Amino acid sequence: MNDEQCIGCGVTLQSEDKDKIGYVPHSSLDKEDVLCQRCFKLRHYNKNETVSLDSHDFLQMVSTIHKTDSLIVHVIDIFDVDGTLLQNLQRIVGNNPILLVGNKVDLLPKSTNKGKLKNWLLKTAKDVGLKIKDVHLVSSVQDIGINELAIQMEQERNNKDIYVVGVTNVGKSTFINQFIQRSTGVKQAITTSYFPGTTLGFISVPLDNRSALIDTPGIINSRQMAHYVSKQDLKLITPNKEIKSRNYQLNDEQTLFIGGLARFDFVKGQKQTFVCYFSNQLYIHRTKLDNADDVYERQIADLLKPPNEETLQQLPPLVRTSYRIEEPNTDIVFPGLGWITILQGDVTVEVHSPKGVTVSIRKSFN
Ligand SMILES: Nc1nc2c(ncn2[C@@H]2O[C@H](COP(=O)(O)OP(=O)(O)OP(=O)(O)O)[C@@H](O)[C@H]2O)c(=O)[nH]1
Ligand SMILES: [Mg+2]
Numbered sequence: 428m429n430d431e432q433c434i435g436c437g438v439t440l441q442s443e444d445k446d447k448i449g450y451v452p453h454s455s456l457d458k459e460d461v462l463c464q465r466c467f468k469l470r471h472y473n474k475n476e477t478v479s480l481d482s483h484d485f486l487q488m489v490s491t492i493h494k495t496d497s498l499i500v501h502v503i504d505i506f507d508v509d510g511t512l513l514q515n516l517q518r519i520v521g522n523n524p525i526l527l528v529g530n531k532v533d534l535l536p537k538s539t540n541k542g543k544l545k546n547w548l549l550k551t552a553k554d555v556g557l558k559i560k561d562v563h564l565v566s567s568v569q570d571i572g573i574n575e576l577a578i579q580m581e582q583e584r585n586n587k588d589i590y591v592v593g594v595t596n597v598g599k600s601t602f603i604n605q606f607i608q609r610s611t612g613v614k615q616a617i618t619t620s621y622f623p624g625t626t627l628g629f630i631s632v633p634l635d636n637r638s639a640l641i642d643t644p645g646i647i648n649s650r651q652m653a654h655y656v657s658k659q660d661l662k663l664i665t666p667n668k669e670i671k672s673r674n675y676q677l678n679d680e681q682t683l684f685i686g687g688l689a690r691f692d693f694v695k696g697q698k699q700t701f702v703c704y705f706s707n708q709l710y711i712h713r714t715k716l717d718n719a720d721d722v723y724e725r726q727i728a729d730l731l732k733p734p735n736e737e738t739l740q741q742l743p744p745l746v747r748t749s750y751r752i753e754e755p756n757t758d759i760v761f762p763g764l765g766w767i768t769i770l771q772g773d774v775t776v777e778v779h780s781p782k783g784v785t786v787s788i789r790k791s792f793n
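For the sequence shown, our numbering assigns the number 428 to the initial residue and increments by one for each residue that follows.
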């Protein structure tokens, strides 16, 4: 038995079974800085070997943090707050102080009012019972906001360890790589990828002789859209650059399909503009409300794509919710996909989203 860990994902290395996680050829085991076979393939061939994620194991592993005396950096995906803000974080990390970090801010449209967004995040986190010290908006790929955050992390940690905690795929490892690159110049030290479940164990990066910055495996949240779509579709729904808003002038009794993954029915109200914020590659289809059921039946996974056939096998059925929206500037949020801003208000809408990935409403940040 050997308890060496992969430097890319933190998994315990083994050389007994090629098909199990942590595999390396026996000859590599004694070397320093060993990468497991899965990390090697991800880095060199961008090939992802799916790991069957055991949400319970990961949660248990990360929950050991509640016994530590440390600073917590809770990274969320600013594009999918519903799917990535951990409502039970306090149970996982105990009474340790928390800095909330909204990552991937590079994806937001330029028009976003960052001050409003920060206040809303703080309030949302407090409403679910989290004791947050401060909120930061950053981009780990574009190095935005990292400096300021680094200064506060240093102040708050009082020489203690820092644990970077969050749901899968929010960019925890990319975030830590920024810090490693700053202090050592080494790029991409930890393995990162498009797919959930990249990091499999704790990875310690020394801050000084006594303390470390620690990457952790992502916690699995069943409200995260990423768990219901194929790899190909995940690429389509995940924005890879700043989102360009798309405006639709709709009369009542018109429908917008977001691919075939969600649907927005303008049931009642005056003709007005609806502003859509989704990945630029994601197809939006407009049709009459009367025809919408029929179009869905005939065109799902065809014109209305994503879902592709593979996603269709695993996607929960769409469920419908009705909203009466009085206020102008209200967002209807489709977790993991994006949102639609209702500029004028005074409308009745019906939205359809995969069961379990529940739609939410918020004041817009423009
Ligand atoms: N646009 C954008 N993408 C980012 C940012 N940070 C990370 N990503 C991307 O998000 C994906 C997931 O990044 P990871 O760093 O592997 O995420 P993680 O939280 O460590 O994921 P797990 O290890 O599975 O829990 C990758 O495709 C990253 O390139 C960011 O600031 N902006
Ligand atoms: Mg990771």
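For glycine and all other residues, C-beta sits at the position ideal for the given N, C-alpha and C. The structure presented is a predicted model; accordingly, all values stated were derived computationally and were not measured.
Using a Cβ-based criterion (distance less than 6 Å to any ligand heavy atom), does residue i qualify as near ligand 3?
i	result
V568	Ligands in the displayed structure: ligand 1 and ligand 2; ligand 3 is not one of them.
Need the endpoints of the alpha helix (DSSP H) that residue i sits in, please.
i	result
S631	Note, S631: premise wrong, no alpha helix (DSSP H); beta strand (DSSP E) at 630-633.
Q582	573-584
S791	Where S791 is concerned, there is no enclosing alpha helix (DSSP H), given that its DSSP letter is neither H nor E.
L661	658-664
A796	In the structure as shown, the chain begins at 428 and stops at 793. Residue 796 is therefore absent and cannot be evaluated.
T511	508-511
E737	736-741
I647	Note, I647: premise wrong, no alpha helix (DSSP H); not H, not E.
I603	599-611
On the criterion of 16 or more Cβ atoms from any shown chain inside 10 Å, does residue i qualify as buried, or is it exposed?
i	result
N523	buried
N800	The question about residue 800 has no answer here: the residues shown for the chain are numbered 428 through 793.
H501	buried
R637	exposed
V438	buried
D730	Reading the sequence as shown, one finds Leu at residue 730 and not Asp. Exposed.
I578	exposed
H453	exposed
G409	With the chain covering 428 to 793 only, the question about residue 409 has no answer from this structure.
T768	buried
T626	buried
M428	Because the pLDDT of M428 is 41, which lies under 50, any placement of that residue in the model is unreliable, and the question is left without a value.
L659	According to the sequence shown, residue 659 is Gln rather than Leu. So Q659 ends up on the exposed side.
D721	exposed
Q651	buried
Using the Cα positions of residue i and residue j, report the straight-line distance between them to the nearest angstrom.
i	j	result
V776	N707	24 Å
K558	A616	31 Å
G510	K458	39 Å
V478	G624	7 Å
R725	G686	13 Å
V565	G449	32 Å
L709	P734	11 Å
E818	V656	This structure does not reach residue 818, given that the chain is present from 428 up to 793, and the question cannot be answered.
F792	L770	12 Å
T491	I519	7 Å
F691	N596	27 Å
R747	K587	47 Å
Y704	E669	10 Å
I788	H779	14 Å
F506	L534	7 Å
Q676	T682	11 Å
S567	S442	34 Å
L688	T785	12 Å
N604	G572	15 Å
S482	K662	23 Å
I752	L469	45 Å
I499	D717	50 Å
D446	R465	10 Å
A728	F606	41 Å
L462	T643	17 Å
G521	H493	4 Å
P434	D460	Here residue 434 turns out to be Ile, not Pro, going by the sequence shown. Each residue's alpha carbon lies about 6 Å from the other.
Report the CB separation of residue i from residue j in whole angstroms; it is logged as a contact under 8 Å.
i	j	result
S594	L513	The question names Ser, but residue 594 in the sequence shown is Val. Rounded, the Cβ-Cβ distance is 6 Å, consistent with contact.
G529	L548	6 Å
N475	S610	That pair is no contact at about 29 Å.
V702	D679	The pair is not a contact, with the Cβ atoms about 17 Å apart (cut-off 8 Å).
I641	V591	7 Å
Please report the residue range of the beta strand (DSSP E) in which residue i lies.
i	result
G765	765-769
R747	745-752
V778	774-781
D504	497-504
I589	588-592
Does chain D have any CB closer than 7 Å to the CB of residue i?
i	result
G624	Of the chains in the structure shown, none is chain D; there is only one protein chain.
Q.
Just to confirm the assignment: which complete beta strand (DSSP E) runs, minimum length 3, are found wholly within the segment 526-577?
A. 559-564
Q | Complete beta strand (DSSP E) runs within the segment 675-703 (minimum length 3 residues, chain order) | A | 681-685, 689-695
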